[in-house]
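A.B. asks: Residue 962 is where the sequence shown starts when you use our numbering, and the numbers rise one by one after that.
All C-beta atoms in this analysis are idealised placements derived from N, C-alpha and C, irrespective of residue type, glycine included.
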Amino acid sequence: NSPGILNIPDSYRNFDMVRIGLLLFGVYPEKRFYKKLPLTSAIKGFCRVHYIKSVPKGTYLSYGITYRTNKNSTIATAGIGYADGLRRGLSNNFHFLWKDRKVQLVGNICMDQTLVDVTGKDVKTGDILQVFGDKFEIEEMAEKLKTVPQEVLCGFGSERMGKRYL
């Protein structure tokens, strides 16, 4: 498995086959292995912006009103939620990327959508947001959720999450 290969680099030379596991996706199995071996993400997640609205300072957002805007803000509704594998534990505690710029998740992640603060950015309805891959990793999500990368990846295995194999 991936930790075995990373712990015992010659292990793959002693056998005619090894199961590499997470390394196949360019994902590190445990924090202690991060950046020990240069990996390129082989899996990426994206969603689209469905709606954009300007809201005044002091506006409470999403279920449970767990987020309140501290200034006049522009909020985008992203077409991904916990039914797609985006864990609710990332509510108010993670970001997506829009054109390589971080956009913060705000409010509770809902079943089919997530709110994103896009204040000061020229985000448009239909724009693509990167959920994971390349610039930030599944490992970062796992760390925020206090879990392992495998659990995060399995969540995105839902039929609802579109996939393209290259």
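Please report how far the alpha carbon of valine 1109 lies from the alpha carbon of glycine 1042, in whole angstroms.
C.D. replies: Start at 1 with the first residue of the sequence shown, and residue 1109 comes out as number 148. Start at 1 with the first residue of the sequence shown, and residue 1042 comes out as number 81. Each residue's alpha carbon lies about 20 Å from the other.
A.B. asks: In angstroms with no decimal places, state the Cα-to-Cα distance between isoleucine 1070 and leucine 1022.
C.D. replies: On the sequence shown, residue 1070 is found 109 positions in, with the first residue counted as 1. On the sequence shown, residue 1022 is found 61 positions in, with the first residue counted as 1. So the alpha carbons of these two residues sit roughly 11 Å apart.
A.B. asks: In this structure, how does DSSP classify isoleucine 1052 when only helix, strand and coil are distinguished?
C.D. replies: The residue labelled residue 1052 in the question sits at position 91 within the sequence shown. Residue identity check: residue 1052 is serine in the sequence provided, not isoleucine. It is coil, neither helix nor strand.
A.B. asks: Under DSSP, the beta strand (DSSP E) around cysteine 1006 begins and ends at which residues?
C.D. replies: Along the sequence shown, one-based indexing puts residue 1006 at 45. Checking the sequence, you will find glycine at residue 1006 rather than cysteine. Here the beta strand (DSSP E) through glycine 1006 covers 1006–1016.
A.B. asks: According to DSSP, which residues form a beta bridge with isoleucine 1089?
C.D. replies: Counting from one through the sequence shown, the residue named residue 1089 turns up at place 128. Arg1009.
A.B. asks: With DSSP as the reference, label serine 1034 as helix, strand or coil.
C.D. replies: As a first step, residue 1034 is located in the sequence shown; it is residue number 73 there, counting from the start. Assignment of serine 1034 by DSSP, reduced to helix, strand and coil, places it in the strand class.
A.B. asks: Counting Cβ pairs, one atom from each stretch, are 3 or more of them under 8 Å apart for the segment 1051–1069 and the segment 962–980?
C.D. replies: no
A.B. asks: Restricting to Cα atoms, I'd like to know which of Gly1068, Phe1007, Lys1105, Val1016 is closest to glycine 1087.
C.D. replies: Along the sequence shown, one-based indexing puts residue 1087 at 126. Comparing Cα positions, the closest option is Phe1007.
A.B. asks: Any idea what DSSP makes of lysine 1107, helix, strand or coil?
C.D. replies: The residue you call residue 1107 lines up with position 146 of the sequence shown. Here lysine 1107 sits in coil by DSSP.
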